[in-house]
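Residue numbers for the sequence shown follow our numbering, beginning at 1 and rising by one. Glycine included, C-beta positions come from ideal geometry on N, C-alpha and C. Keep in mind the model is a prediction, meaning the values are calculated, not measured.
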Amino acid sequence: MNTRRVRVGVDVGGTFTDAVLHTETAVFTAKVPTTAEQSSGVLNAIDAVCAKADIEPDEIDSFVHAMTVSVNALLENDGAKTALLTTAGFEDVLAIGRQSRPSLYDLSVQKPPVLIPRSRRIGVTERATIDGIETAVDPDEIESIVDTLTETGVESVAISFLHAYAHPENEQRTAALLREKLDIPVSASHEILSAFREYERTATTAVDAYVAPAIDRYLGSLSKTATERGIQRPRIMQANGGIAAVETVRETPVTTVLSGPAAGVVGANTNTPPGTDVVTFDMGGTSTDVSLIRDGTTEMTTAATINNQPISIPMVDIHTVGAGGGSIGWIDDGSALRVGPRSAGAEPGPACYGHGGVEPTVTDANVVLGYLGTQSTVGESLSLDRSAAETAVDQLVDAAQLDTRLEAAFGIHRIANANMTRAIRSITVEEGHDPRSFELVAFGGAGPVHAAALASSLGIQTVRIPYASGVLSAYGLLAADEKHTAVKTVREPLDSVSPSTIAAVLESLTTNVVSRLDSQFDPSDDRVTVTHTGALRYRGQSFELPVELPDPFDRPVIADRFHTAHERAHGYQLSDPIEIVTVRSTLIGRRDPISIPYSPDGTPFTGTRSAYFDGEFRETSVYRRNSVSPETDITGPAVIESAETTIVVPPQWGASTTTDGTIVLSMEGSQ
1 MNTRRVRVGV
11 DVGGTFTDAV
21 LHTETAVFTA
31 KVPTTAEQSS
41 GVLNAIDAVC
51 AKADIEPDEI
61 DSFVHAMTVS
71 VNALLENDGA
81 KTALLTTAGF
91 EDVLAIGRQS
101 RPSLYDLSVQ
111 KPPVLIPRSR
121 RIGVTERATI
131 DGIETAVDPD
141 EIESIVDTLT
151 ETGVESVAIS
161 FLHAYAHPEN
171 EQRTAALLRE
181 KLDIPVSASH
191 EILSAFREYE
201 RTATTAVDAY
211 VAPAIDRYLG
221 SLSKTATERG
231 IQRPRIMQAN
241 GGIAAVETVR
251 ETPVTTVLSG
261 PAAGVVGANT
271 NTPPGTDVVT
281 FDMGGTSTDV
291 SLIRDGTTEM
301 TTAATINNQP
311 ISIPMVDIHT
321 VGAGGGSIGW
331 IDDGSALRVG
341 PRSAGAEPGP
351 ACYGHGGVEP
361 TVTDANVVLG
371 YLGTQSTVGE
381 SLSLDRSAAE
391 TAVDQLVDAA
401 QLDTRLEAAF
411 GIHRIANANM
421 TRAIRSITVE
431 EGHDPRSFEL
441 VAFGGAGPVH
451 AAALASSLGI
461 QTVRIPYASG
471 VLSAYGLLAA
481 DEKHTAVKTV
491 REPLDSVSPS
501 TIAAVLESLT
511 TNVVSRLDSQ
521 FDPSDDRVTV
531 THTGALRYRG
541 QSFELPVELP
551 DPFDRPVIAD
561 RFHTAHERAH
571 GYQLSDPIEI
581 VTVRSTLIGR
591 RDPISIPYSP
601 DGTPFTGTRS
611 AYFDGEFRET
621 SVYRRNSVSP
631 ETDITGPAVI
641 ESAETTIVVP
651 PQWGASTTTD
661 GTIVLSMEGS
671 Q
């Protein structure tokens, strides 16, 4: 009988599905190929990691999961056939959007297609103002709309009435009638995002409806299969960096967008000294995700965009580029070498994986350059075929008018690095932050291969690579707390808003988030906290900044906090009147912390091989990751290998190990 507390996290990526199993005394990891039906790969990963730990799957106490179902539906335009019900006269809100344009001076620019076409955007005779309902919905009209929806075969419905954020009664009545008559998901804006700005609210609700059937099918199937095998039903990572029960996520599926990358940022923060400013660098098989952690706090946003679709729920602020280990090198019409965003994915994968891939990828280039060795394995059993990698890279030599295979391989490597460097600059330099004052935390299957090169180009002196770096998103799932948020628009001058009004709003929001609390917590548990923030702005501004609301409500304190936040964000503050626009409540249920016991064993040095640095192949030391102890100092050039990832230590860099197994790369002379 197993008496250990067993926790498993499984993260689905574009190429691999990662699993981490944690007990009080040991940690085990596994990496298996992602499958077309994601749940199959998830169960394969659980089986693989349980086999390593000599534990039966039915002994798992906690199962936390991150998947790509919702983001894939958006990126591939493969979501549900969705209808939108909105206030009559406002059917084109989604098409009109905002005045900002991605290519302001391009006269031939084509706007991206609207998520829900005009033929399925239906106006409803209703009217509400911020003061109340002026025209109630007519049940007969809704009945007629139900017939139309049935005839057109829609698979999901979004409802977004103009002022439902202030008075949702019409929307509530319409949603109830639709749910009574239709056996399909119904997303109502007052339940998804009860905040003003009709475009963002409508767009977010439309995304929720668009991905709802796929999320519902996937989580239903995975939960059923897991239960049949005696595995706990999964808890799901949300885009806000917190986990929630399956039932909660199925009610608001838009919260699952970018759940995997959010888990990676949580894992990075857990493995970083408190208060450190960090750039997180997660390079997987198909993409790279970068984010900031400042003063130990993850940067958040409510203004994300995925495939041109705005999503205004609280999310970890992540910037994604199409650069991963599977990104394909290709030649454009001007005979210039490009890399990505198209990827070889899991099937067939890079040529060196031997699964039928023939196009040259970043991984193939890294094999040719010697950064990845043919003696190492990827995941559980995948060996690397150098000959196949060379054949794939050779395709580019003539097409790009290059002289040698080496030029083509290093070209792929450098272009991928340039793409990822630009991504990091976009969240640091372009936002007024000096990257030299940050550390880089590298993870993902390919991140540690490229981390030192990126750090060198950005002037970053220190790179941290956590012990479970190759599967850090899966580890982050085990480290994440439960988290729920709710929002309500107020739109009142700060100097005249009634404290009792704010108190009533906060009471309602608190009831909302507590109702979603998982059964593992009791609301009175001291691990459960609810905090409140207000989104404030100077009168006349079109953007807001979040500040924590004190208890009891104190106008001078709030004003001072807003002035400070505005100066930090924009470099100045004003004496203009302040408005409190929205109020948000956030519940956090803190789970028991986890740690990775690190016990290196064996001899770290395994030999040498040739790898390409500074314009030539150099004899490079090779080390075994799980054998490197804190007493081992490594001088570049070197590579440190594990089943999940390879760490490249270039010349002029050194590597040391902390007691928790984190490998710290330092630029020569930076100590």
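Task: beta strand (DSSP E) runs contained entirely in the segment 392 to 461, provided each spans 3 or more residues - done: Along the segment 392 to 461, the beta strand (DSSP E) occurs as fully enclosed runs of 3 or more residues at 439 to 443, listed in sequence order.
Open item on the list: Going by the DSSP bridge assignment, what does glycine 654 pair with across the sheet?
Closed with: For glycine 654, the pairing in a beta bridge is given by DSSP as Thr635 and Ser666.
Task: Integer-rounded CB distance, given that valine 211 should sit under 8 Å from glycine 79 - done: Beta-carbon to beta-carbon, glycine 79 and valine 211 are separated by about 5 Å, close enough to satisfy the 8 Å threshold.
TODO: Would you be able to state if there are at least three C-beta pairs under 8 Å between the segment 357 to 366 and the segment 327 to 341?
DONE: Because the criterion of three Cβ pairs below 8 Å is met, the segment 327 to 341 and the segment 357 to 366 touch.
Open item on the list: Counting only C-beta atoms, is aspartate 332 closer than 7 Å to chain B at any point?
Closed with: Going by chain labels, chain B is absent from the structure shown, which holds only one protein chain.
- [ ] Compare the beta carbon distance of phenylalanine 63 and proline 234 with 7 Å and say whether it is the shorter of the two.
- [x] Contact: yes.
Task: Beta bridge counterpart(s) of glutamate 619 as assigned by DSSP - done: Glutamate 619 pairs with Ser610.
Open item on the list: Quick check: what's the CA-CA separation for glutamine 232 versus alanine 643?
Closed with: Separation of glutamine 232 and alanine 643 (C-alpha to C-alpha, rounded to the nearest whole angstrom) is 27 Å.
Task: Proximity below 7 Å, CB of isoleucine 654 to CB of tyrosine 598 - done: Going by the sequence as given, residue 654 is glycine instead of isoleucine. Result no, Cβ atoms of glycine 654 and tyrosine 598 do not sit closer than 7 Å.
Task: Which listed residue (Gly296, Ala136, Val207 and Pro499) has its alpha carbon closest to that of isoleucine 116 - done: Of the listed residues, the one whose Cα sits closest to isoleucine 116 is Val207.
Task: Buried or exposed by the 16-neighbour rule on C-beta atoms within 10 Å, applied to serine 187 - done: Under this definition serine 187 is a buried residue.
Task: Secondary structure of valine 583, DSSP reduced to three states - done: DSSP places valine 583 in strand when its eight states are reduced to three.
Task: lysine 52: first and last residue of the uninterrupted beta strand (DSSP E) it sits in - done: Run containing lysine 52: none in the beta strand (DSSP E); it sits in the alpha helix (DSSP H), 38 to 53.
- [ ] Starting from the N-terminal side, write out each stretch of the beta strand (DSSP E) that is 3 residues or longer and does not extend beyond the segment 462 to 506.
- [x] The segment 462 to 506 contains these whole beta strand (DSSP E) runs: 462 to 465 and 482 to 493.
Task: Exposure of lysine 672, with buried meaning 16 or more beta-carbon neighbours within 10 Å - done: For the chain, the structure presents residues 1 to 671; residue 672 sits outside this window and is missing.
- [ ] Within its chain, find whatever has a CB closer than 7 Å to the CB of glycine 636; leave out the 5 residues flanking it on each side and keep chain order.
- [x] Excluding sequence neighbours, glycine 636 sits near Val649, Pro650, Pro651, Gln652, Trp653 and Gly654.
Task: Closest Cα partner of alanine 344 within the set Asn308, Ala388, Gly296 and Gly285 - done: When each option's Cα is compared against that of alanine 344, the closest is Gly285.
- [ ] Would you check if the segment 277 to 294 and the segment 84 to 97 touch, i.e. whether three or more CB-CB distances between them fall below 8 Å?
- [x] No, the segment 84 to 97 is not in contact with the segment 277 to 294.
Open item on the list: Between Val497, Ser426, Ile415 and Ser621, which has its C-alpha nearest threonine 608's C-alpha?
Closed with: Closest by alpha carbon: Ser621.
Open item on the list: Are the CB atoms of leucine 587 and valine 513 within a distance shorter than 7 Å?
Closed with: The answer is yes: Cβ separation under 7 Å.
Task: DSSP-derived helix/strand/coil call for histidine 220 - done: It should be pointed out that residue 220 corresponds to glycine in this sequence rather than to histidine. Collapsing the DSSP output to three states places glycine 220 in a helix.
- [ ] Go ahead and label proline 499 buried or exposed: buried means 16 or more other beta carbons lie within 10 angstroms of its beta carbon, across all protein chains shown.
- [x] The residue is exposed, with fewer than 16 neighbouring Cβ atoms inside 10 Å.
Open item on the list: Does tyrosine 538 come out as helix, strand or coil in the three-state DSSP assignment?
Closed with: DSSP places tyrosine 538 in strand when its eight states are reduced to three.
Task: Helix, strand or coil at alanine 365 according to DSSP, with G and I counted as helix - done: Secondary structure of alanine 365 (DSSP, three-state): helix.
- [ ] Measure from the alpha carbon of tyrosine 623 to the alpha carbon of each residue in Ile460, Ser656 and Ile594, then state which is nearest.
- [x] The shortest C-alpha to C-alpha distance from tyrosine 623 to any of Ile460, Ser656 and Ile594 is the one to Ser656.
Open item on the list: Which residue wins for smallest C-alpha separation from arginine 464, given the options Ala346, Asn271 and Leu406?
Closed with: The shortest Cα separation from arginine 464 among Ala346, Asn271 and Leu406 belongs to Asn271.
Task: Bounding residues of the beta strand (DSSP E) (the contiguous stretch that carries aspartate 140) - done: Where aspartate 140 is concerned, there is no enclosing beta strand (DSSP E), although the alpha helix (DSSP H) it sits in stretches over 139 to 152.
Open item on the list: Considering just the uninterrupted stretch of the alpha helix (DSSP H) at proline 177, what are its terminal residues?
Closed with: One point to set straight first is that residue 177 is leucine, not proline, in the sequence displayed. Leucine 177 -> alpha helix (DSSP H) spans 169 to 181.
Task: Nearest residue (CA-CA) to arginine 201, options His167, Ile313 and Asp398 - done: Of the listed residues, the one whose Cα sits closest to arginine 201 is Ile313.
Task: The alpha helix (DSSP H) enclosing leucine 74, as first and last residue numbers - done: Taken as a continuous stretch (DSSP letters only), the alpha helix (DSSP H) holding leucine 74 covers 69 to 75.
Open item on the list: Using a Cβ-Cβ cutoff of less than 6 Å, which residues in the same chain neighbour valine 528 once the five nearest sequence positions on both sides are dropped?
Closed with: Excluding residues up to 5 positions away in sequence, Phe521 and Gly589 lie with their Cβ nearer than 6 Å to the Cβ of valine 528 in the same chain.
- [ ] Note down the Cα distance separating isoleucine 142 from isoleucine 215, rounded to an integer number of angstroms.
- [x] Spanning the two alpha carbons is a distance of roughly 26 Å.
Open item on the list: I believe tyrosine 165 touches serine 194 by the beta-carbon criterion, under 8 Å. Please report the beta-carbon distance rounded to the nearest angstrom.
Closed with: So it is a contact: roughly 5 Å between Cβ atoms.
Task: Sheet register partners of isoleucine 133 (DSSP bridge) - done: The partner list for isoleucine 133 (beta bridge, DSSP) reads Ala128.
Open item on the list: Do proline 448 and threonine 645 count as a contact pair if the criterion is CB distance below 7 Å?
Closed with: If you check the CB distance, threonine 645 and proline 448 come in under 7 Å.
Open item on the list: Mapping the DSSP letters down to three states, classify isoleucine 96 as helix, strand or coil.
Closed with: Helix at isoleucine 96.
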